[in-house]
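In mature numbering (1 follows the signal peptide of the UniProt record, and there is no 0), the protein residues as written are -22 to -1, 1 to 222.
Just so you know, even glycine gets a beta-carbon here, dropped at the ideal spot from N, CA and C.
Structure follows, in structure tokens:
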């Protein structure tokens, strides 16, 4: 199943669950450079800002609107702003604006997926999705809650060990993005589709092996071993940290 489909299913299940209380989402930027975060939700409810800038070592918190059931969070880097356009070298959503509205990140990008009260047991579901590639180290940490509320994270700079054929260089010549094998090759084998859409056919690639070594708590391909998806009950707050 595609990872975007998993998120969509989580949100559909959430829509059938009782509405929870407002939560606090805290976004921290521990990177030595500015990050432009995005918080994207498919719901038709009052939106948290879908794009903003966050200085190095900066922190911002939002109270989620009542009925907000989660979405996708990611960071953009190396962004340039002119009088007519806004563009980022990594994590760009293609709107040419600071806000992304309902537009997803252009791969590759490190994605935080969060579904509030998305399971049948009334738990939040969350994970770090690197199946489309990597642009930035990131973590999601529950605050409060009950049960096994583990941190989901990719704290390492995968760009520093990205295979040459998957690496994307920025304007300064450094590697700023690492594509997944699926994004680069677009074959059924690398994307685990068609004849390869089965646990015994979908095999790890060089990219997913690197993710397994550098970011063992992040999800990188369909049908990989369990342990990359997390849940937490008790309606916790969450902290998303770039460069944890």
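Beta-carbon proximity list for residue i, same chain, < 8 Å, skipping 5 on both sides
i, result
"residue 139", "188 and 192"
"residue 177", "201"
"residue 109", "-20, 158, 160, 197, 198, 199 and 200"
"residue 146", "86, 153, 154, 155, 156 and 157"
Alpha-carbon to alpha-carbon, residue j and residue i
i, j, result
"residue 155", "residue 86", "7 Å"
"residue 212", "residue 31", "31 Å"
"residue -5", "residue 217", "Because residue -5 sits at a pLDDT of 45, beneath the cut-off of 50, its placement in the model cannot be relied upon, and the following sentence gives the value as read from the coordinates. Each residue's Cα considered, the two are about 23 Å apart."
"residue 84", "residue 70", "6 Å"
"residue 173", "residue 179", "8 Å"
"residue 127", "residue 105", "12 Å"
"residue 5", "residue 73", "22 Å"
"residue 166", "residue 2", "40 Å"
"residue 59", "residue 151", "20 Å"
"residue 175", "residue 199", "11 Å"
"residue 136", "residue 143", "14 Å"
"residue 8", "residue 204", "29 Å"
Own chain residues within Cβ distance below 6 Å of residue i, not counting five before or after
i, result
"residue 182", "none"
"residue 141", "184"
"residue 202", "none"
"residue 82", "none"
"residue 57", "14 and 66"
"residue 162", "144"
"residue 170", "180 and 200"
"residue 295", "It is not possible to answer for residue 295, since the shown part of the chain is limited to -22 through 222."
"residue -22", "Because residue -22 sits at a pLDDT of 39, beneath the cut-off of 50, its placement in the model cannot be relied upon, and the point is left open."
"residue 40", "3 and 26"
"residue 164", "none"
Reference residue i; option with closest CA among the options
i, options, result
"residue 16", "179, 157 and 68", "68"
"residue 93", "72, 45 and 166", "45"
"residue 222", "53, 162, 73 and 79", "53"
"residue 111", "203, 153, 8 and 14", "153"
"residue 130", "61, 219 and 14", "219"
"residue -1", "26, 42 and 109", "42"
"residue 158", "78, 186 and 133", "186"
"residue 133", "3, 190, 21 and 175", "190"
"residue 208", "145, 117, 76 and 147", "117"
"residue 26", "78, 144, 162 and 206", "78"
"residue 206", "64, 163, 171 and 91", "91"
Distance CB(residue i)-CB(residue j) smaller than 8 Å
i, j, result
"residue 120", "residue 214", "yes"
"residue 49", "residue 18", "yes"
"residue 114", "residue 28", "no"
"residue 210", "residue 107", "no"
"residue 10", "residue 80", "no"
"residue 149", "residue 160", "no"
"residue 47", "residue 64", "no"
Contact set for residue i: own chain, Cβ-Cβ below 7 Å, skip 5 residues either direction
i, result
"residue -18", "Residue confidence for residue -18 is low, a pLDDT of 44 falling below 50, so the modelled location carries little weight and cannot support an answer."
"residue 62", "none"
Residue i at chain D interface by Cβ criterion, 8 Å
i, result
"residue 89", "Of the protein chains in this structure there is only one, and it is not chain D."
When the Cβ atoms of the stretch 121 to 128 are set against those of the stretch 28 to 43, are three or more pairs found closer than 8 Å?
no
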